[in-house]
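In our numbering, the protein residues as written are 601 to 860. In what follows, a single structure is set out as structure tokens and then discussed.
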Amino acid sequence: MVQKVKDCGANLVVCQWGFDDEANHLLLQNELPAIRWVGGVEIEHIAIATGGRIVPRFEELSEDKLGKAGLVKEVTFGTNSKERMLVFENCANSNAITVLVRGGNKMIVEEAKRSLHDAMCVVRNLVKDNRVVYGGGSSEIACSLAVREYADTVTGVDQYAIRAFADALEDIPLALAENSGLSPMEEVAAAKSRQVQEKNPVIGLGVVNPVKNEDGCHSADMRALGVFETLIGKQQQLQLASQVVKMILKIDDVIAMGQY
Numbered sequence: 601m602v603q604k605v606k607d608c609g610a611n612l613v614v615c616q617w618g619f620d621d622e623a624n625h626l627l628l629q630n631e632l633p634a635i636r637w638v639g640g641v642e643i644e645h646i647a648i649a650t651g652g653r654i655v656p657r658f659e660e661l662s663e664d665k666l667g668k669a670g671l672v673k674e675v676t677f678g679t680n681s682k683e684r685m686l687v688f689e690n691c692a693n694s695n696a697i698t699v700l701v702r703g704g705n706k707m708i709v710e711e712a713k714r715s716l717h718d719a720m721c722v723v724r725n726l727v728k729d730n731r732v733v734y735g736g737g738s739s740e741i742a743c744s745l746a747v748r749e750y751a752d753t754v755t756g757v758d759q760y761a762i763r764a765f766a767d768a769l770e771d772i773p774l775a776l777a778e779n780s781g782l783s784p785m786e787e788v789a790a791a792k793s794r795q796v797q798e799k800n801p802v803i804g805l806g807v808v809n810p811v812k813n814e815d816g817c818h819s820a821d822m823r824a825l826g827v828f829e830t831l832i833g834k835q836q837q838l839q840l841a842s843q844v845v846k847m848i849l850k851i852d853d854v855i856a857m858g859q860y
């Protein structure tokens with residue numbers, strides 16, 4: 601086995617399963633360091649990053665199945681020497697990377713992971729569709745005004761459902777204002793008023809730089825503040841919310857607990 605590994609040109613062995621100390625000793629004698637008990641997910645990530653192939657038996661090893669990494673090292677973190685990690689640097693596939701997230705407690709780490717995931721999702725959405733809409737609740741307010749204007753042209757009871765949809769759109773900027781410690785009703789009303797008066801659909805809630813205007817509110821031009829969201833993300837939010845509501849409206853009966 602050792603000679604087969606050397607003949608194919610390998611200088612490091614990564615194995616998903618374990619091997620005994622004798623095999624490990626023979627590998628080290630031939631200047632072949634080995635890593636054993638590597639998890640299935642981890643070994644797949646290593647294969648992707650290094651460009652190598654995972655083989656079930658050492659007899660299938662060949663030079664064209666080897667991966668390449670500039671440096672493989674073991675690092676420790678903090679004062680706890682038990683926390684060790686193997687790092688593969690300068691790999692053949694530079695598109696495959698690992699982000700190490702550390703924090704003072706589990707809550708901070710989870711929050712950092714969520715923030716990082718959200719940021720990567722934004723980048724992914726921009727790669728799929730580079731169109732954007734302005735944030736700060738401006739797009740929802742503009743859509744709400746447009747839906748209300750359309751409702752005025754509809755006769756019959758349908759207009760009530762359309763106006764209810766317009767009210768639902770305003771819940772997003774209302775929640776944004778409330779979460780920012782502002783007065784929801786006053787802030788959204790001020791932003792709506794400015795959009796109508798200035799005919800500017802990018803007026804939203806300036807929670808990034810909350811400077812009060814003459815009316816005592818924080819409405820601002822989102823284009824000037826550089827606040828925007830991906831169009832595909834906004835579309836998916838509205839489509840999912842609408843689909844959930846339609847599913848609820850299709851329910852024609854409810855089985856109460858203990859009824860049967």
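We treat Cβ as the ideally placed atom computed from N, Cα and C, and that holds for glycine.
- Linking Q759 to S780 through their CA atoms gives a straight-line distance of about 33 Å.
- Here K792 is buried. Its C-beta has 16 or more other C-beta atoms within 10 Å.
- Per DSSP, the beta bridge partners of T676 are R684.
- Counted as a single uninterrupted DSSP element, the beta strand (DSSP E) harbouring I803 occupies residues 803 to 805.
- Cβ-Cβ distances below 7 Å link E740 to L769, E770, I772, P773 in the same chain, with the five nearest sequence neighbours on each side left out; the list follows chain order.
- Apart from sequence neighbours up to five positions away, the residues of its chain that approach L632 with a beta-carbon distance below 8 Å are V602, V605, K606, A610, N611, L612, V613, ordered along the chain.
- If you draw a 10 Å sphere on the C-beta of E787, you find 16 or more other C-beta atoms in it, and that means buried.
- In the three-state scheme derived from DSSP, where H, G and I count as helix and E and B as strand, L671 is classed as strand.
- Around the beta-carbon of L671, fewer than 16 other beta-carbon atoms lie within 10 Å, marking it exposed.
- With a 10 Å radius around the Cβ and a threshold of 16 neighbouring Cβ atoms, I851 comes out exposed.
- Nearest C-alpha to R653 among A692, E798, Q839, E674: A692.
- Straight across, the Cα-Cα distance linking D752 with L745 is about 11 Å.
- Annotated three-state conformation of C691 is strand, per DSSP.
- Sixteen is the threshold: since fewer than 16 other Cβ atoms of the shown chains lie within 10 Å of the Cβ of T698, the residue is exposed.
- Secondary structure note for V727: its alpha helix (DSSP H) is the uninterrupted segment 706 to 728.
- Counting along the chain, no alpha helix (DSSP H) covers T830; the unbroken beta strand (DSSP E) around it starts and ends at 828 to 830.
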